[in-house]
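Presented below is the structure to which this report refers.
2 protein chains.
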Amino acid sequence: MIYRANIICTPTPERFKILEHGYVVVNDDGRIQGVYESLPDSFVSTPVTDFGDCLLIPAFCDMHVHAPQYRNLGLALDEELLPWLQKYTFPEEMKFSDIRYAERIYRRFVHELWMQGTMRSAVFATIHPQATDLLAALFEEAGMSAYVGLVAMNRNCPDQLTNTAEDACTYYQDAFQRQTDLVKPILTPRFIPACTPDMLSRIGQLAASSGMPVQSHLSENLSEVEWVQSLEVEASCYGDAYNRYGLFGQTPTLMAHCCYTDGEELRLLRDNGVFVVHCPTSNSNLASGMAPIRHFLNEGVKVALGTDVSAGHYLSMLRVIQYAIQISKLHYAQSRGKVKYLSLSEAFYLATKSGGAFFGKVGSFEPGYMFDALVVDDSYLNYDNYSLEHRIERYIYLGDDRDIRHRFCNGKELKEICYE
Amino acid sequence: MIYRANIICTPTPERFKILEHGYVVVNDDGRIQGVYESLPDSFVSTPVTDFGDCLLIPAFCDMHVHAPQYRNLGLALDEELLPWLQKYTFPEEMKFSDIRYAERIYRRFVHELWMQGTMRSAVFATIHPQATDLLAALFEEAGMSAYVGLVAMNRNCPDQLTNTAEDACTYYQDAFQRQTDLVKPILTPRFIPACTPDMLSRIGQLAASSGMPVQSHLSENLSEVEWVQSLEVEASCYGDAYNRYGLFGQTPTLMAHCCYTDGEELRLLRDNGVFVVHCPTSNSNLASGMAPIRHFLNEGVKVALGTDVSAGHYLSMLRVIQYAIQISKLHYAQSRGKVKYLSLSEAFYLATKSGGAFFGKVGSFEPGYMFDALVVDDSYLNYDNYSLEHRIERYIYLGDDRDIRHRFCNGKELKEICYE
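One line per chain: the protein sequences are V and X, in this order. All letters in the first sequence, in the order written, are residues 8 to 427 by the working numbering. All letters in the second sequence, in the order written, are residues 8 to 427 by the working numbering.
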């Protein structure tokens with residue numbers, strides 16, 4: 008397939024690479040063969056799908072999101088973390104023992120990810136194997152790629168929301184056998200305080216033996232950091248606690264938040280190649296704090312972005328890009344200009360190529376990359392002959408799901424699947 | 008007229024007042040006669056407009072916005088304040104010497120305010136009298152209420168963007184003669200560094216003699232605060248500089264930003280009844296800082312909200328409400344919980360009744376208040392029998408212009424006016 012449009016991506020974070028009315032050639036396996044200013048002679052007989060003056064951008068990667076919290080989007084954000092969990096989040100997650108309820112909410116969740124142009128995600132499900140399998144099947148049906156994590160948790164949470172290390176590990180091993188190109192399981196201990204040392208050890212052993220990836224939460228707020236220090240007295244820091252269980256980069260690892268990461272924990276993240284998943288909307292909504300992302304990038308830590316729905320209040324990665332920049336600008340203001348803020352192209356890179364790296368060659372238009380793309384019609388924003396540089400800026404700050412005309416994942420166009 | 012819907016407003020900031028399927032009776036003069044759970048017998052013969060299960064909320068008040076920067080929405084937010092002004096903002100404002108250009112942009116601006124449900128605003132125009140009159144006329148034509156300010160500036164800015172105290176005051180006096188119920192002029196010295204002491208004195212004298220209101224910028228960022236201190240050595244603080252010119256509450260006054268206001272300046276704000284217009288999207292985008300709004304409210308200072316387009320990147324007050332809460336939660340996190348954050352109802356109050364007070368009895372559904380209202384169809388968000396408390400929360404966090412079915416200002420329904 009050959010597509011023609013205004014092609015915009017971030018092969019490097021420093022700037023947008025922009026090709027006016029360029030061509031992307033996609034092989035049968037969904038990988039990009041090449042990107043061209045004018046079409047080489049060898050392709051003259053191949054039909055071209057022309058998207059006119061639309062923008063063609065990489066689809067987004069949401070690297071931290073809780074699917075079972077979807078019904079609670081926008082709710083209870085006046086509450087502090089603990090009542091938010093106990094009155095709203097845990098009771099909602101309990102409902103996913105009911106597979107019919109799970110189907111109703113998960114269908115809407117996957118539909119909205121599609122709508123917002125998020126073609127890949129790393130998802131927390133619940134402790135419920137049947138509902139988690141269903142969520143994986145819905146991604147597969149939609150043609151979207153995801154790491155879907157059954158949550159493992161066996162302490163400091165309601166009885167109805169606990170499983171055992173045995174339950175969780177059996178599930179992970181089964182799901183690993185059934186994984187597809189698009190949808191794979193991911194080891195998902197909720198966070199240190201919700202998992203006994205035995206559970207964490209067993210999951211760490213499974214990571215080592217299977218190579219399965221890991222996702223969890225790290226240093227989200229100060230009370231949590233102090234709590235973990237009291238639980239894991241031999242660990243040098245919160246991150247080291249995961250590390251001692253083999254859950255910190257021994258296999259590909261996503262750690263959400265890291266608002267209070269520095270020193271030894273930062274070095275461990277970097278040396279172990281762990282991804283920080285920055286969730287600025289969530290960190291603002293839950294009054295967690297401001298993760299020092301510019302500092303992480305300067306130190307060579309890998310960073311991706313996540314909505315963290317429903318602590319994050321919106322499923323669009325455009326919003327997360329905006330907040331990531333704004334939070335880094337508040338750091339800049341508070342440091343009186345000492346720490347430079349994220350640029351738009353850097354934040355876009357985090358939401359596409361940087362997060363996409365967790366899936367392989369994803370998130371950019373370069374030879375060998377999977378063709379994950381959004382066709383954006385920004386004509387209502389482009390009423391005054393804006394340059395393409397300005398059009399991508401305006402789309403990121405002003406655009407929404409209405410503007411996306413076509414969505415591609417792994418080279419295939421994904422049509423809307425009705426959610427009910 | 009009688010309207011039936013789920014009526015939601017904030018007579019006091021502490022909580023939403025919610026009336027399921029209630030009635031609002033509006034007099035011929037556009038004022039609310041009463042709000043009822045069930046319709047009194049005296050109205051049985053009056054026809055009722057039934058909005059079914061929709062939400063009926065007060066329309067929004069945007070108390071700080073730069074109309075001529077509308078074309079630059081979403082642009083150049085990687086730039087710091089000075090290059091942002093010099094490379095983008097000032098050159099754009101210069102274009103408003105061309106009345107045809109002004110009409111094209113101002114029509115779109117007024118149309119989008121309408122679209123976003125902002126029925127009242129306090130607007131900065133440019134130095135150009137003809138374009139400023141046109142903007143006022145467009146508000147009048149649309150039926151929307153606004154304070155429209157010709158900007159006065161005569162130093163520290165490009166030559167093409169200066170006027171004289173004489174120019175500005177003549178314009179203000181003329182416009183004052185022509186003011187209507189809906190659209191009125193407002194004295195708009197850009198800010199202290201852009202106006203000579205003579206200009207500020209003359210505008211202050213005009214305020215005193217005419218009673219016209221005032222709007223300007225205050226303590227937006229630290230360099231600016233230091234600059235003003237060096238320009239106005241006899242003033243005890245930036246706010247006192249305005250005060251000495253009679254531009255600080257001697258007539259109704261809006262001061263945008265106040266990120267670095269405390270001590271004497273805060274006392275002056277409170278004692279003089281000056282409104283702080285909090286613009287959290289702008290303060291984040293321009294790396295200005297985080298205005299301590301909870302502190303202002305605790306101290307009895309009046310607070311309204313503004314988009315500050317185009318330093319703010321979006322014209323919707325829903326977004327500003329979200330950011331106001333989030334910024335106050337970041338204060339909360341940084342104070343380790345000492346300063347409580349804004350609740351949703353408080354932030355909604357700031358965007359409706361608190362800002363509305365600048366226009367008189369506006370921004371709530373109470374007897375004697377002008378009927379400024381939005382009819383919101385949130386049915387796509389209400390797929391699981393949410394309570395009305397949760398529906399208003401979800402609409403504020405998740406809704407957008409698509410959801411607004413009807414818009415009322417001053418008792419009249421305002422239909423869409425095409426912008427081209």
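Cβ coordinates follow ideal geometry from the N, Cα and C atoms, glycine included.
Exercise. For chain B, is any of its Cβ atoms less than 8 Å away from the one on residue 336 of chain V?
Worked result: As a matter of chain content, chain B is missing from the structure shown, whose protein chains are V and X.
Problem set entry | Cβ-Cβ separation, residue 210 of chain V to residue 238 of chain V (assumed contact under 8 Å), whole Å | As a position in the first sequence, residue 238 of chain V is number 231, starting the count at 1. As a position in the first sequence, residue 210 of chain V is number 203, starting the count at 1. Incorrect: roughly 16 Å between the Cβ atoms, too far for contact.
Exercise. Span of the beta strand (DSSP E) holding residue 13 of chain V?
Worked result: The count along the first sequence starts at 1 and reaches residue 13 of chain V at position 6. From DSSP, the beta strand (DSSP E) with residue 13 of chain V extends over 9-16.
Problem set entry | Whole-angstrom distance between residue 321 of chain X and residue 407 of chain X, CA atom to CA atom | Your numbering for residue 407 of chain X matches position 400 in the second sequence. Your numbering for residue 321 of chain X matches position 314 in the second sequence. Spanning the two alpha carbons is a distance of roughly 11 Å.
Exercise. Does the distance from the CB of residue 424 of chain X to the CB of residue 148 of chain X come in under 8 Å?
Worked result: The sequence position of residue 424 of chain X within the second sequence is 417, counting from 1. The sequence position of residue 148 of chain X within the second sequence is 141, counting from 1. In this structure, residue 424 of chain X sits near residue 148 of chain X, with a CB-CB distance shorter than 8 Å.
Exercise. Using 8 Å as the threshold, is the stretch 66-79 of chain V in touch with the stretch 306-325 of chain X, meaning 3 or more CB pairs across them?
Worked result: Short answer: they don't touch.
Exercise. Taking C-alpha atoms, which residue in X:243, X:185 and X:199 lies nearest to residue 263 of chain X?
Worked result: The sequence position of residue 263 of chain X within the second sequence is 256, counting from 1. Nearest C-alpha to residue 263 of chain X among X:243, X:185 and X:199: X:199.
Exercise. Taking Cβ to Cβ, would you say residue 62 of chain V is nearer than 8 Å to residue 109 of chain V?
Worked result: Here the question's residue 62 of chain V lines up with position 55 in the first sequence. Here the question's residue 109 of chain V lines up with position 102 in the first sequence. The answer is no: Cβ separation not under 8 Å.
Exercise. Does the stretch 137-155 of chain X come close enough to the stretch 111-128 of chain X that 3 or more CB-CB pairs lie under 8 Å?
Worked result: Verdict: yes, contact present.
Problem set entry | Contacting residues, own chain, Cβ-Cβ under 6 Å from residue 88 of chain X (five flanking each side not counted) | Sequence index remark: in the second sequence, residue 88 of chain X carries index 81 (1-based). Once the five neighbours on either side are set aside, the close Cβ partners of residue 88 of chain X are 293.
Exercise. Taking C-beta to C-beta, are residue 286 of chain V and residue 226 of chain V nearer than 8 Å?
Worked result: Here the question's residue 286 of chain V lines up with position 279 in the first sequence. Here the question's residue 226 of chain V lines up with position 219 in the first sequence. The Cβ atoms of residue 286 of chain V and residue 226 of chain V do not sit closer than 8 Å to each other.
Exercise. Near residue 359 of chain X, which residues of its chain fall below 6 Å by C-beta distance, leaving aside the five closest residues on each side in sequence?
Worked result: Stepping through the second sequence from its first residue, residue 359 of chain X is reached at position 352. Closer than 6 Å at the Cβ level, and outside the excluded window around residue 359 of chain X, lie 65 and 370.
Exercise. Would residue 85 of chain X count as contacting chain V if we go by Cβ distances under 8 Å?
Worked result: To locate residue 85 of chain X, count along the second sequence from 1; it is residue 78. Yes, residue 85 of chain X counts as interfacial toward chain V.
Problem set entry | Helix, strand or coil at residue 176 of chain V according to DSSP, with G and I counted as helix | Along the first sequence, read from residue 1 onward, the residue named residue 176 of chain V stands at position 169. Three-state result, residue 176 of chain V: helix.
For this session: Whole angstroms is fine: what's the gap from residue 114 of chain X's alpha carbon to residue 79 of chain X's?
Result: Residue 114 of chain X sits at position 107 when you count from the first residue of the second sequence. Residue 79 of chain X sits at position 72 when you count from the first residue of the second sequence. If I take the Cα positions, the gap works out to 15 Å.
For this session: Check whether the stretch 23-42 of chain X touches the stretch 366-380 of chain X, counting contact only when three or more Cβ pairs, one atom from each stretch, lie closer than 8 Å.
Result: Contact holds: three or more Cβ-Cβ distances are below 8 Å.
For this session: Could you please tell me which residues of the stretch 296-309 of chain X, in chain order, have their CB closer than 9 Å to any CB of chain V?
Result: Flagged, chain order: 296 and 297.
For this session: With 8 Å as the threshold, decide whether the Cβ of residue 247 of chain X is near any Cβ in chain V.
Result: On the second sequence, residue 247 of chain X is found 240 positions in, with the first residue counted as 1. For residue 247 of chain X, the answer is no, since every Cβ of chain V falls outside 8 Å of its Cβ.
For this session: Under 8 Å between beta-carbons, which chain X residues line up against residue 119 of chain V? List them in chain order, please.
Result: For this step, residue 119 of chain V is matched to residue 112 along the first sequence. Ordered by position in chain X, no residue passes the 8 Å Cβ test against residue 119 of chain V, which lies about 10 Å from the chain.
For this session: State the beta-bridge partners of residue 227 of chain X as determined by DSSP.
Result: Translated into the one-based positions of the second sequence, residue 227 of chain X becomes position 220. As DSSP reads the structure, residue 227 of chain X sits in no beta bridge.
Problem set entry | Bounding residues of the beta strand (DSSP E) (the contiguous stretch that carries residue 2 of chain V) | Because residue 2 of chain V is not part of the residues shown, which for chain V are 8 to 427, the question remains open.
Problem set entry | Against chain X: residues of the stretch 58-84 of chain V by CB proximity under 8 Å | Listed by position along the chain: 78, 80, 81, 82, 83 and 84.
For this session: Measure the beta-carbon distance from residue 97 of chain V to residue 168 of chain V and round it to whole angstroms, keeping in mind my assumption that it falls under 8 Å.
Result: Reading the first sequence from its first residue, position 90 is the one you call residue 97 of chain V. Reading the first sequence from its first residue, position 161 is the one you call residue 168 of chain V. Indeed they touch by this definition, with Cβ atoms about 6 Å apart.
Exercise. Would you say the stretch 360-367 of chain X touches the stretch 340-352 of chain X, given that touching needs at least three Cβ pairs under 8 Å?
Worked result: The stretch 360-367 of chain X makes no contact with the stretch 340-352 of chain X; the number of CB pairs closer than 8 Å stays below 3.
Problem set entry | residue 250 of chain X vs residue 273 of chain X beta-carbon contact at 8 Å | Sequence index remark: in the second sequence, residue 250 of chain X carries index 243 (1-based). Sequence index remark: in the second sequence, residue 273 of chain X carries index 266 (1-based). Taking 8 Å as the Cβ cut-off, residue 250 of chain X and residue 273 of chain X do not qualify as a contacting pair.
Exercise. What residues of chain V sit near residue 13 of chain X, judged by a beta carbon separation below 8 Å?
Worked result: Mapped onto the second sequence, residue 13 of chain X falls at position 6. Within 8 Å Cβ-Cβ: nothing; residue 13 of chain X doesn't reach chain V, min ~17 Å.
Problem set entry | Nearest-angstrom beta carbon gap, residue 284 of chain V and residue 304 of chain V [assumed within contact, 8 Å] | The count along the first sequence starts at 1 and reaches residue 304 of chain V at position 297. The count along the first sequence starts at 1 and reaches residue 284 of chain V at position 277. The beta-carbon separation of residue 304 of chain V and residue 284 of chain V, rounded to 14 Å, does not stay under the 8 Å limit for a contact.
Problem set entry | Partners in chain V for residue 397 of chain X, counting only beta-carbon separations shorter than 7 Å | In the second sequence, residue 397 of chain X corresponds to position 390, counting from 1. 82, listed in chain order.
Problem set entry | Assumed close pair residue 414 of chain X, residue 121 of chain X - CB separation to whole angstroms, cut-off 8 Å | Here residue 414 of chain X refers to the residue found at position 407 when the second sequence is read from its first residue. Here residue 121 of chain X refers to the residue found at position 114 when the second sequence is read from its first residue. Right, their Cβ atoms sit about 6 Å apart.
Exercise. Who are the near neighbours of residue 86 of chain V in its chain, counting only those whose CB is closer than 8 Å to its CB and skipping five residues on each side?
Worked result: Position 79 of the first sequence holds residue 86 of chain V. Only 94 and 95 meet the Cβ criterion.
Problem set entry | In chain order, each beta strand (DSSP E) run of at least 3 residues that lies wholly inside the stretch 357-414 of chain X | Listed in chain order, they are 380-383.
Exercise. In three-state terms, what does DSSP make of residue 152 of chain V?
Worked result: Counting from one through the first sequence, the residue named residue 152 of chain V turns up at place 145. Secondary structure of residue 152 of chain V (DSSP, three-state): strand.
Exercise. By the criterion of Cβ-Cβ separation under 9 Å, what are the contact partners of residue 350 of chain X in chain V?
Worked result: As a position in the second sequence, residue 350 of chain X is number 343, starting the count at 1. Neighbours of residue 350 of chain X on chain V, chain order: 85.
For this session: Starting from residue 343 of chain V, find everything on chain X with Cβ-Cβ shorter than 8 Å and list it in chain order.
Result: Counting from one through the first sequence, the residue named residue 343 of chain V turns up at place 336. Within chain X, the residues placing a beta-carbon under 8 Å from that of residue 343 of chain V are 229, ordered along the chain.
Problem set entry | Residue environment, residue 35 of chain V, which counts as buried when at least 16 other CB atoms sit within 10 Å | As a working note, residue 35 of chain V is residue 28 in the first sequence. Exposed, because fewer than 16 other Cβ atoms sit within 10 Å of the Cβ of residue 35 of chain V.
Exercise. Tell me, which residues are paired with residue 159 of chain V by DSSP?
Worked result: Against the first sequence, residue 159 of chain V aligns to sequence position 152. Under the DSSP definition of a beta bridge, residue 159 of chain V partners with V:196.
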